[in-house]
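Okay, structure first, notes after.
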Amino acid sequence: FWNWATFEFVLSVVLCKRQILVTLVEILLPLLFSGILIVLRQKVPFKDYPNATIYESYAVDTLPKRFLQHLQLAYVPGNSSVVRQVAEDVRGSLFLSSVRGFETEEQFEEYVRNDPLSGKLLAAVVFEHPFSHDDEPLPLKVSYHLRFSFTPRNAPPKERSELNPNSDLDWHTLSLYPLFQMPGPREQYDKEGDSKVKNFKHPTSGMDPSARRATWDLLQGEKRGRTILLTTHFMDEADLLGDRIAIMAGGELQCCGSPLFLKNKYGAGYHMVIVKDALCNVSEITRLVHMYVPNATLESSAGAELSYILPKESTSRFELLFAELEMNREELGIASYGASVTTMEEVFLRVGKLVDSSLDIQAIQLPALQYQHERRSHDWTTDDASSISGMTDVTDFTDSGTLISEDCSNIKLNTGIRLHLQQFYAMFLKRALYSWRNWKVMVAQFLVPLIFTVVALVVAHTFPNHQDAPLLRLSLSRYGSTRVPVALQARSGPLASALANTYSSQLSDQLGQLINITDFTDYILNQAEEEGGSFNERCVVGAAFRGSSSQYAEATAYFNNEAYHTPATALMMVDNALFRLLAGPNASIQTGNYPMPRNLSEIAQSQLTESKTGFAIAINLMYGMASLSSTFALLLVTESSIKSKHVQQVSGVYLSNFWFSALLWDLVNFLLPCLLMLVIFQAFGIKAFVEENHLVDVLLLLLLYGWAVVPLMYILSFFFSTAATAYTRLTIFNMISGTATFLAVTIMTIPELNLQDLSHILDKVFLIFPNYCLGMSFSQFYQNYEFISFCTSSPITQTICKYLNITYQPNYFSMSEPGVGRFLVAFSVQGTVFIILLFAIELQFIRTLWRLLTSPCRRRKQVDCHSEQESLLPEDRDVAEERKRVLECQPVIESMVGSPLILQELSKVYSSGMNLLAVDRLSLAVGKGECFGLLGFNGAGKTTTFKMLTGDESVTSGDAYIDGYSILRDIKKVQQRIGYCPQFDAVLDHMTGRETLSMYARLRGIPEKYVSGCVENVLRSLLLEPHADKLVRSYSGGNKRKLSAGMALIGGPPVIFLDEPSTGMDPVARRLLWDAVTRTRESGKAIIITSHSMEECEALCTRLAVMVNGQFKCLGSPQHLKSKFGSGYTLLAKVHIEAELEDSDLQLFKDFIESTFPGSQLKDEHQGMVHYHLTDKTLTWAQVFGTLEAAKEKYHIEDYCVSQISLEQVFLSFAQFQHCTESGRN
């Protein structure tokens, strides 16, 4: 803004010779009013009562009464029984304790302001119209205001830290809640935090497990003595925090109870997972399991793991089964085993299936954890280490016919010219859809240059032409209402008096005001002092008469020299008075100003120094084109900012197809306003542009300008991250690079300034700017036409033009001035150079050169970082073995045959300020049909690893191979072989879901006849069919994530990267995605996934690794990691207690657990439910189940469940190393 304001100020003051104060006022007034509006918006309180919509059916039908029974309902107005009755109905439907009426909304607001800590007011029902009579009809529009009291969001850090002295959370974790805004001033908050009811909506969405666990601990610590309502998509969150869990479906409450109750009612039982050894005897293990648990079922036997479902009612026989497995572990070929109980997600999906049995989706078929155990689909090597680490002998994968209905991975893809044409069409269609869906904006952009051109032509018609000026008759009436002072000296004779009267008689016709005075000079000075400027404007002529005899009189004519023609007018009026006195009252003298006709020399001089019309057209055209050309960067900036462009590149689009399709569409768009501009030139009859087929010449100038300026806008788009900023600043840049340079050169050509040499130098320098070339080419094209028209009109004019050195070019495209040939060449060269520079930037030539020059320095920095890391944390055995296997293999051959993804010592060091080792020598091989999970805390290096593998970030050292190609040497071929779902949705709002998937299918090279079918199958598998033809801007967050995942999966690339793909999805949608990912993996694809959901990792990943500060700290299958790093078991038990013996019964059981399992930790206790962590690593499954079964009757145990430590607990166990390493660095 300030650049533009400064430019306008200088232009107005210096070039237009305007007053500085007036110019400043005109510029600053809009800014002043904007500031006033902003201040008023911040300081003046305003009401926001959104009207509720009346639906035919209720979103919520039933709720448990005890949830909200202590809360109050307020209603406005409070003096109407009709309103009170409605409020009572609302209170009854929500099971609230009471209602409270307020006469006006102001009273309600005052109540909230004065008592913000009450925590008793749930909602306020405010009707739009007051009621004076109870029989008035009830208005339908009602506003509801939710009101809860929370821990403050806006509290200063000092007060925030004092809220919970025992909390070890960081301040930014505390600022995550409340999630509802309280009514009243925003500065009000609950400093005490003592509300009895708290409500949290998805409180941990987007957090990593460490931050999520910290928030859980805080909520558990704050729930005593309070009622907490929590909604979440994380079923493990509900399982951990919920004393009672309610599941809603179809607007009704389907079930409600403790987690243990729901698992018993809807769960499938226990899932026992066995990690197979090299000599594993699956049939003998199955026989043994059925011998002890006859109704057990084999869930899956794939890869390195074996899974069984053990029904809950058979827990009494688990002790014997687990004891037998322990005793015969080596003979049966069991590396390790564990068990887990039914999860809350299984319960959720089963309830949803029961409510809506029409859902025909594989993802919610029960048992729901089939994904978790059908995920290993290739043969591993026969030793235990390989079954953990994963450098494997891989079986061949054959495509089945069913795969065509999933991601079209077995369809032969287009290559060569067909692929290029298909990608070009996809990119061209994307640009066309953007223009079509934003047609109002496009029309406005087209109108800008047209409006400026029309304004220029209208203004040009007001300029004086070169013809001789007509006769101007002098008259006092030209000056409007005037005051004409007439002075007659005292004691004047009859002749002077007669002359004065005759002078005065002609004023009535001229609307003059006669003022008889005696001393003319004194009158003028006094009136000027009294009236100031107004007197000076109205008094333009005057006269004074004197003479004492009848034979002599003297007349003096006065004039105001600020007005043109007043000397002649003043003299004419005195002469008329004398003529009338002598010839009679009807006599008069008519006086006119008739300028002498200009000779040919003067006309030629004006042609040389003046070209007002051409100048005005050039200036206004540059203004209009500055705005139009800036719009070509809008979509590019949007695509870059949301990473959509990167995803398109990763999906295989060639740079040539991406940029030349955009260039072609933008030139087609640019052609339309150019044609309309020619129509305007024709309509206004601008001979310089319409005669002798000059319209074609002008069109050529405009199109070549488009060829030059569009690639320039593409290059400048790299400097911006938001489309609005890009449009504003690029428009200013175009104006300065065009208008400012054009004015500078034009002014310097004025002969009187003696700056012609400098102007010629600047003219050559400014040829690098397309906007300067545009303005100068139009100006000189018009000037050349004027010169030709004058100099060729007669032989005399030719001689005069030669004498005055007026040169013209019969060929308008001549390279010499005033021909425009040099500008055509400049346009052509600019466009070519800008395109070459654009591709140089995209191909990272400069970055590659810099990398080669600085590689020794980077290696030295990396060695320093490595030495520091190695001294802090030892390397895990599995990680070391994986590194050894990767370094000993042939990466190119292995990547092409068995492991599509191989990382060899991949590292990344950031050198801004201090050397930060983001990724530290990662070595890994991911085989076909494998889903590898990359876990880590925020800042551990996961996203940086993804960016390096997809080409979005440079590599400091090491290399990676994808399907046989190096990411350092063949990044383009690598990108054509991977699918990428980024952490944040890289979807374009102006396209529909179907159009988006079709675009990516074409980028992959799927033949056109299969595109529609493949897209339909992806939409169906992700349950996106109802939203397929809606614009993406209308999608919810979960649907956008599904669409992003579909973009990565479509076409079945060999390697697929999924960065937190299920964030924001509900459990059903998440299972649908898991199902699609599992089927893709089973087709032989290598999948690398990052996630904050440990359940997702267990469901999808065949192997996973935990990253801490850029290093792998553990590596292996989920069960292997739980067996290796897990410590103990989790016990949930429900004790039946009598009301009068509540404390004693429960205490006896607690004493039993603490004495039987030393070191046990009580995690939670409520309503007879206890949650223990059994930390003894020597305990076996048989011992735990045997002990609990023996004590079941003695301690009145109604139900219990035992599960192995979760993967999340394994993950969290590495948190201490993260903090240790960080402190060591610091």
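Per my numbering, numbering through the sequence shown is continuous, rising by one, with the last residue being 1242.
All C-beta atoms in this analysis are idealised placements derived from N, C-alpha and C, irrespective of residue type, glycine included.
Using the Cα positions of residue i and residue j, report the straight-line distance between them to the nearest angstrom.
| i | j | result |
| --- | --- | --- |
| LEU865 | ALA856 | 11 angstroms |
| ASP1082 | GLY1054 | 7 angstroms |
| LYS818 | ILE784 | 33 angstroms |
| PHE802 | MET641 | It should be pointed out that residue 802 corresponds to Glu in this sequence rather than to Phe. Taking the straight line from one Cα to the other gives about 25 angstroms. |
| VAL367 | ASP255 | 15 angstroms |
| GLY791 | PHE631 | 8 angstroms |
| VAL902 | TYR441 | 41 angstroms |
| LYS207 | GLU238 | At LYS207 the pLDDT is 27, less than 50, meaning the model places this residue with poor confidence; the figure from the coordinates comes in the next sentence. Distance between the alpha carbons of LYS207 and GLU238: 15 angstroms. |
| SER973 | GLY1126 | 13 angstroms |
| GLN772 | ILE763 | 9 angstroms |
| THR757 | GLU833 | 18 angstroms |
| GLY945 | LEU1223 | 22 angstroms |
| ASN954 | THR1196 | 35 angstroms |
| ARG229 | ILE1221 | 15 angstroms |
| GLN814 | SER805 | 11 angstroms |
| LYS174 | ALA1002 | In this predicted model, LYS174 has a pLDDT of only 41, less than 50, meaning its place in the structure is not dependable; the value taken from the coordinates is given anyway. Roughly 39 angstroms separates the two Cα atoms. |
| ASP412 | THR1118 | At ASP412, the pLDDT of 36 sits below 50, so the modelled position is not reliable; the number obtained from the coordinates is stated separately. When rounded, the distance between both Cα atoms is 18 angstroms. |
| LYS963 | ARG993 | 15 angstroms |
| PHE705 | LEU715 | 10 angstroms |
| ARG1136 | VAL291 | Looking at the sequence provided, one finds His at residue 1136 rather than Arg. Looking at the two C-alpha atoms, the distance is approximately 7 angstroms. |
| LEU488 | PRO583 | 14 angstroms |
| PHE829 | SER793 | 10 angstroms |
Bridge partners of residue i, per DSSP?
| i | result |
| --- | --- |
| LYS292 | ILE350 |
| ALA503 | ILE533 and ALA560 |
| SER1219 | THR1146 |
| GLN920 | ASP975 |
| ARG489 | GLY608 |
| ASP1180 | HIS1187 |
| LYS1119 | A quick correction: the sequence has Arg, not Lys, at residue 1119. DSSP, once it has assigned bridges, lists PHE948 as partnering ARG1119. |
| GLN860 | Note: GLN860 sits in no beta bridge, so no partner. |
| GLY995 | ILE1072 |
| PHE216 | LEU246 |
| GLN1127 | VAL1124 |
May I ask which residues mark the beginning and end of the alpha helix (DSSP H) holding residue i?
| i | result |
| --- | --- |
| LYS239 | Looking at the DSSP string, LYS239 is not in any alpha helix (DSSP H), and its letter there is neither H nor E. |
| GLN796 | 786-807 |
| GLU340 | 334-343 |
| LYS516 | The sequence shown places Ala at residue 516, not Lys. Element bounds for ALA516: 510-521. |
Return the residue from the list the options that minimises the CA-CA distance to residue i.
| i | options | result |
| --- | --- | --- |
| SER1078 | PHE705, PHE1000, LYS1140 and MET764 | PHE1000 |
| VAL836 | TYR788, ASN576 and LEU1137 | TYR788 |
| SER645 | TYR670, LEU719 and MET588 | LEU719 |
| ARG242 | THR741, PHE794, VAL213 and LYS780 | VAL213 |
| ASP936 | PRO486, LYS924, ARG838 and GLU946 | LYS924 |
| ALA579 | LEU598, SER566 and VAL556 | VAL556 |
| MET1123 | LEU1195, GLN236 and LEU940 | LEU940 |
| MET967 | GLY943, GLY995, GLY955 and LEU950 | Note that residue 967 corresponds to Gly in the displayed sequence, not to Met. With distances taken between Cα atoms, GLY967 lies closest to GLY995. |
| ASP894 | THR572, LYS1129 and TYR353 | LYS1129 |
| ILE1022 | LEU1065, PHE468, LYS279 and LEU1120 | LEU1065 |
| MET1 | ASP1005, VAL363, CYS947 and PHE462 | The displayed coordinates of the chain run from 17 to 1242. Any statement about residue 1 would go beyond what the structure contains. |
| HIS1152 | PHE1173, ILE1104 and LYS1210 | LYS1210 |
Between residue i and chain C, is the shortest Cβ-Cβ distance under 8 angstroms, so that the two count as touching?
| i | result |
| --- | --- |
| THR1008 | This model lacks chain C altogether, as it is built from one protein chain only. |
Please report the residue range of the beta strand (DSSP E) in which residue i lies.
| i | result |
| --- | --- |
| THR762 | THR762 -> not in any beta strand (DSSP E); alpha helix (DSSP H) instead, spanning 757-764. |
| LEU1075 | Here residue 1075 is Asp; the residue named in the question, Leu, does not match the sequence. Start and end: 1071-1075. |
| SER939 | 932-942 |
| TYR574 | 570-575 |
> Can you list the alpha helix (DSSP H) stretches of 4 or more residues lying completely in the stretch 250-331, in chain order?
Replying inline: 251-257, 275-282 and 298-308
> Counting only runs that start and end within the stretch 639-692, where is the alpha helix (DSSP H) found for 4 or more residues in a row?
Replying inline: 650-657 and 660-666
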